[in-house]
Amino acid sequence: MSRASDLSPVSGTISLHLETLDALVDAPLGHSMTVSRSRSMLPSQVEYDLMRIPDPGPARPQVLGTGRFAKVYAAQQVIAGLAARRVAIKVLHDHAGYEEERLFSREIALNREFSLNPTVGVAAMVDIIHLDALVLCGCGMLYHPRCPQGCGSLLQRKNLESRPFPSLTCETCEYSLSAEYVHERGHELFGHRAKPCCRAESATHADVGTIINFTLREAMVMELLDMSLEGCAAALDRPERDGIDLSGLERLRLGLGLLPERRRLQRIAMEVRLLSKIHLMVQIAEAVVALHGNKRVVHKDLAPDNIMIRNSPVVPLGVGFVGDHVAGLLDFAANLHTEICVIDFGLSDKEQLTRSWYEDAETSLAVTKLPYLSPEARYQRQTIGANLDFEGSHLRFRVPPSLVQSPASIYAHDIIANSYDPQHVQDLQISKVEVEGRDRFAYYEGTPPPEGARLEIVRPLGEAHDVYALGALLYYILTGRHHEVEQLSHLVASIQDQPCAIDRKSLSRRNNYGNRCRSISEPFWRDELMLVTIRAMVRGRPESFVFDRTIRGSEPAAAFLTELKRIQQGLLADIFYERGYWRRVWIWRCVALACLVAVGMTSLWLAQAEAVT
């Protein structure tokens, strides 16, 4: 048995593991079979060319995106000297420290698992490469920087125990540059003394360059998908100039074939466009169900910028139906081929929930992130403004009113942390919360922090956070605007604070509900889609998919997916009901004509009978 694995760095090797089974055929009972393994290395011809911005100025890399921990470059995979496919290479930021490296290693491990056992809706990792310090000169040459002081030695990585950041150092003249200060001193790495090219101080690009990778680290090579969910939603967001009338009179005109053909096509096109949107959301939900289920992974950062699209949903009418626009639209609805890929697992947890999440307020409050944050994410870290009276004999404390009234409250698995303890050795884990009379008591595991500690509650994010994001993503796909999702979150918060039944009759009494419905471009199935969205985002109601944020497992996401598929099936039935449109029109016309004839004959007979009498 043989298998190929371990794709190597840029011009390394592919290792082929050969396993040979040597059985002791005639050995007596009690002897075991032995397995010997040998490993041979085969040469690889896989390389990656960094894509550059086609500007007439200095050479610069094409950056596809940047996040809190990493940046993503566009590159061209080259096999045996010939261009293959375009890829995306994810590299840690230059200023990243050991903690970011740990999170990135965990993300690589998750993506390796997804590659070994493909997961629906998750992009497979193409390769893992090890990049040393790498700089792009303004002339277009990639190089490993030398000592900027001019001794000619190549800079090497050095880990410093006293600081949480790696450094580039020169063993010859003791030059050192920490990742902590790369923002201020990074230009030293693309000065003329650090280059093998443009070494003359008067050269055009003597002091021009871009740091591609600061120091020796792993990088992920992923399939390059050109369109994000944001771009897809913008392409699908095409509100019609004339609104569609869903009144009984228009439906009667439609049934009798009296509605103008242009308006009928407009209705069908809007239904097909809505189907495309629901098709995208179904795939996202399927991916999340798979992650929460067998994989036991919580993504924790589901937002439009972390959903990529393979195959644009905006395509010409169906091939083979030129001139027949209805058949073309039906063909498109029957052959939706758009695929989504969930990316960026840098904050994800597998099985055990951790405190890892966005700690930077500027990042977590970004306009493209905030609308998709659950209450526990918005209040993930909350300072405890009151003293906690720890009862050592019972290993519990009374929950202060400020935490009881918090939108995220306090539940089991939350953490009581000392903000003066960066190593988290004094963290208390909440094991359970019980109500005694008018008080709530939180039971903990661990040793209470010393007196005078600055305590805060840290709320780990679980599956409930992802389910909240599913509801927000559905509304974003339907409306195409982040600010509409933020408006929806206000409605959800009001329902959470002043509960009501999650049904059309009860929700219609809410001031903001009508506006949120009308923000959906397509007028079909609005109430049903709103109910599914709100059920995903509101907790604790009988109709909610999530009772509280401590719920683990894939059942809430699976319930969301089931309800969404019911709407998808109903919309499909509505669309393909158009196949027999003209046959039904002529049947109705014949029935109407027959009725008119019958009424005329009856009137004539009655008139004759009255004349005789």
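Residue numbering for the sequence shown follows this note's numbering, starting at 8 and increasing by one per position. Just so you know, even glycine gets a beta-carbon here, dropped at the ideal spot from N, CA and C.
Secondary structure at ALA77: strand, using DSSP grouped into helix, strand and coil. Residue pairing of ASN425 in beta bridges, as defined by DSSP: LEU462. Apart from sequence neighbours up to five positions away, the residues of its chain that approach VAL129 with a beta-carbon distance below 7 Å are PHE121, ALA294, CYS348 and VAL349, ordered along the chain. The residue from ASP56, GLU529, SER528 and LEU337 with its alpha-carbon nearest to that of TYR584 is LEU337.
The DSSP-derived three-state label of GLU178 is coil. The alpha-carbon of MET315 is positioned some 6 Å away from that of MET234. It is roughly 25 Å from the alpha-carbon of ALA131 to the alpha-carbon of THR375. In this structure, GLN156 sits away from GLU178, with a CB-CB distance that is not shorter than 8 Å. Restricting attention to PRO382, THR345, GLY469 and ALA66, the CA atom closest to the CA of LEU360 is found in GLY469. ILE484 places its beta carbon less than 8 Å from that of LYS284. For the stretch 161 to 208, the continuous beta strand (DSSP E) assignments of 3+ residues that do not extend past its boundaries occur at 163 to 166, 173 to 176 and 183 to 185, in sequence order.
Judged by their CB atoms, THR126 and LYS307 are not nearer to each other than the 8 Å cut-off. Taking the Cβ atoms as the reference, ALA240 lies roughly 15 Å from ALA476, outside the contact range of under 8 Å. Taken through DSSP and simplified to helix, strand or coil, PHE339 comes out as helix. Excluding the 5 residues flanking it on each side, LYS439 has same chain C-beta neighbours closer than 7 Å at ALA419 and TYR450, in chain order. Contact between the stretch 520 to 537 and the stretch 448 to 462 is absent: fewer than three C-beta pairs spanning the two stretches fall below 8 Å.
When the Cα atoms are used, ALA614 and MET608 turn out to be separated by approximately 10 Å. Cβ neighbours of PRO563 within its own chain (closer than 6 Å, five residues either side excluded): VAL474, PHE552 and VAL553. Secondary-structure assignment with DSSP links SER235 through a beta bridge to MET315. Judged by DSSP secondary structure, LEU514 falls within the alpha helix (DSSP H) whose first and last residues are 511 to 514. Boundaries around GLY216 are those of the beta strand (DSSP E), 216 to 220, since no alpha helix (DSSP H) includes it. Within the stretch 50 to 99, the complete beta strand (DSSP E) segments of 3 residues or longer fall at 53 to 57, 70 to 73, 77 to 86 and 89 to 99, listed in chain order.
CYS507 is the residue among CYS507, ASP421 and SER515 whose C-alpha sits nearest the C-alpha of PRO549. Cβ contact annotation for ARG192 (same chain, cutoff 8 Å, sequence separation greater than five): LEU184, in chain order.
Between ALA87 and VAL53, the alpha-carbon positions lie close to 7 Å from each other.
Cβ neighbours of ASP555 within its own chain (closer than 8 Å, five residues either side excluded): TYR418, ALA471, ARG546 and GLY547. According to the DSSP assignment, ILE347 belongs to the beta strand (DSSP E) that extends over 346 to 349. Sequence-distant Cβ neighbours of SER513 in its own chain, meaning closer than 6 Å and more than five residues away, are CYS507.
For ARG388, the enclosing beta strand (DSSP E) begins and ends at 388 to 390. An exposed status is given to ALA580, since fewer than 16 other beta-carbon atoms sit within 10 Å of its beta-carbon. With contacts defined as CB atoms closer than 8 Å, CYS144 and LYS202 qualify as a contacting pair. Pairing LEU117 with VAL406 gives a Cβ-Cβ distance that is not under 8 Å. In the three-state scheme derived from DSSP, where H, G and I count as helix and E and B as strand, CYS146 is classed as coil. For GLY147, the closest alpha carbon among the candidates ARG153, THR176, HIS137 and ASP62 is that of ASP62. Using a Cβ distance threshold of 8 Å, SER363 and LEU110 count as a contacting pair. For ALA226, the enclosing beta strand (DSSP E) has its first and last residue at 224 to 230.
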